[in-house]
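Residue numbers (the working numbering): 19 to 324.
In structure tokens, the structure reads:
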């Protein structure tokens, strides 16, 4: 009997030891997985972002106003392009007269007048490029409007602030989407519109002035006289318009890009600043390129300036 009691006691001790080991093992397993630390949100004043765990001022009313001012500059230049018909008028006039029998008579007498047929295509392409540029200015203005909206939202936001990197990504994307295509369009406008228009409009005007003066002395018909009267005024107005406008696109891009880079500062990442500087360099380089239009495009004299 005593022997049986000893055996039972030993069995009970073994069972208790097993439970203790299991409990220790279980608790050790649970303790090996560290709980994930959840970063508490940081509340900052409106217009602040989080940088290195601290609130820093990123957006101010002055910065928002600076973006709005650049948008206004784009809109103002686009309004000047509402008058691009001033440049189209003499081209359309020449195109219409070139279809008349009297034009053929004049070109038969004045050999140099035949070069007008070659130049008209260049002028026509220049007007089309200016109209495309006007649309591009509208698109860039819209993108700056979107950027202003984002900055306004940051100015109004209170409570948990966004990290600087997150805001940088948003703002930099908006700035690049506005400036990168605008730089391409400004360069295209300088090379394919303003530079050739400034050179060729004056060239055609000089040819027509000489031709008209001689034609009148030699008894030109009424159709030629009417054309010469209209052409003189149309070319003068077109030349004045191009002379006034030709430096504006490059200056505009330099102003807008420079102000955005200066005012947004912290909100632009290094890559965006580099791209802006490269775009400015390309626009400025375009000012020193020779006039285009001496290639195959110059032969399309039947085009319309519309």
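From the three backbone atoms N, C-alpha and C, an ideal C-beta is built for every residue, glycine too.
Assignment of residue 277 by DSSP, reduced to helix, strand and coil, places it in the helix class.
Less than 7 Å separates the beta-carbon of residue 76 from that of residue 284. In the DSSP secondary-structure assignment, residue 61 is bridged to 178. Secondary structure at residue 306: coil, using DSSP grouped into helix, strand and coil. For residue 117, there is no enclosing beta strand (DSSP E), as DSSP gives it neither H nor E. Residue 117 and residue 268 have their C-alpha atoms some 37 Å from each other.
In the three-state scheme derived from DSSP, where H, G and I count as helix and E and B as strand, residue 72 is classed as strand.
Counting C-beta pairs with one atom in each stretch, the region 145–164 and the region 87–103 have three or more that are closer than 8 Å, which means they touch. A residue is called buried once 16 or more other Cβ atoms fall within 10 Å of its Cβ, and residue 82 is buried on that count. With respect to residue 109, residue 142 sits close: the two C-beta atoms are nearer than 7 Å. DSSP places residue 67 in the strand class (E or B) of the three-state scheme. Per DSSP, residue 208 is not a residue of any alpha helix (DSSP H), being assigned neither H nor E.
Taking a contact to require three or more Cβ pairs closer than 8 Å, the region 122–140 and the region 221–240 qualify as touching.
Under a 10 Å Cβ-count criterion, residue 66 is classified as buried, with 16 or more other Cβ atoms of the shown protein chains found around its own Cβ. Secondary structure note for residue 260: its alpha helix (DSSP H) is the uninterrupted segment 240–263. Residue 259 and residue 275 have their alpha carbons spaced roughly 25 Å apart. Nearest C-alpha to residue 184 among 303, 207, 128, 68: 68. Nearest neighbour of residue 261 by Cα position, chosen from 112, 212, 166, 132, turns out to be 212.
Here DSSP, grouped into helix, strand and coil, assigns residue 193 to helix. If the five residues before and after residue 245 are omitted, its C-beta is found closer than 6 Å to the C-beta atoms of 115, all from its own chain and listed in chain order.
The Cβ-Cβ distance between residue 209 and residue 271 does not fall below 7 Å.
When 266, 278, 61 are compared, the shortest CA-CA separation from residue 179 is found for 61. Per DSSP, reduced to three states, the secondary structure at residue 287 is coil, with no helix or strand assignment. Residue 177 has its alpha-carbon roughly 14 Å from the corresponding atom of residue 72. With three or more CB-CB distances shorter than 8 Å, the region 191–199 counts as touching the region 285–297.
In the same chain as residue 273, and ignoring 5 residues on each side of it, the C-beta atoms closer than 7 Å to its own belong to 91, in chain order. The Cβ atoms of residue 151 and residue 207 lie closer than 7 Å to each other. Residue 145 carries a helical assignment under DSSP once its states are collapsed to helix, strand and coil. For residue 98, the enclosing alpha helix (DSSP H) has its first and last residue at 79–98. Taking C-beta atoms under 8 Å as the contact rule, residue 256 and residue 104 qualify, at a distance of about 6 Å. In the three-state reduction of the DSSP assignment, residue 151 falls in the helix class.
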